[in-house]
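A.B. asks: What follows is a single structure, and I will ask about it in a moment.
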Amino acid sequence: MVALTGFVPDTFILIIIPLHATLFLVPNGNFATIFLFSLGALTHLHLIHSEFSHPHDGLLRRLWLVNTQDHHVHHLRPACNLAHFFTPIDRLFGTYVDPKDMPAIKTS
Numbered sequence: 215m216v217a218l219t220g221f222v223p224d225t226f227i228l229i230i231i232p233l234h235a236t237l238f239l240v241p242n243g244n245f246a247t248i249f250l251f252s253l254g255a256l257t258h259l260h261l262i263h264s265e266f267s268h269p270h271d272g273l274l275r276r277l278w279l280v281n282t283q284d285h286h287v288h289h290l291r292p293a294c295n296l297a298h299f300f301t302p303i304d305r306l307f308g309t310y311v312d313p314k315d316m317p318a319i320k321t322s
């Protein structure tokens, strides 16, 4: 449930705008496109908020997508690892902290 609660500007910028952009960026965007985006985004948000490492975390890391450990860093240091999906955004703005540099986080 925590993944669904939020600060209105954060929700607007990180969820509502990308949801609407999906209609314009994806050729022939329609209800199915929005449904698939929402399903993927909500599943991802719920998984990174869990207390578990997932088998797919290594793949997400190789694709520069936020994984469970990246997001745990954000909960330990709220000004770091702010991106919901793409770690290059944090790397670009200097807010990325590698989970391997945080002793409190077990990385695989």
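Just so it is clear: in the sequence shown, position 61 is 275 by the working numbering, and no numbers are missing. Heads up, the beta-carbon is just placed ideally off N, CA and C, and yes, glycines get one too.
Expressed to the nearest angstrom, what Euclidean distance is found between the alpha-carbon atoms of Met316 and Cys294?
C.D. replies: Answer to the nearest angstrom: the Cα atoms are 12 Å apart.
A.B. asks: What are the boundary residues of the alpha helix (DSSP H) that includes Ile231?
C.D. replies: Note, Ile231: alpha helix (DSSP H), Ile231 to Leu239.
A.B. asks: Between His285 and Leu228, is the Cβ-Cβ spacing less than 8 Å?
C.D. replies: No, Cβ-Cβ distance for His285 and Leu228 is not below 8 Å.
A.B. asks: So, helix, strand or coil for Phe299, using DSSP?
C.D. replies: Phe299: coil per DSSP, three-state reduction.
A.B. asks: Please report the distance separating the alpha-carbon of Lys320 from that of Leu259.
C.D. replies: Each residue's Cα considered, the two are about 20 Å apart.
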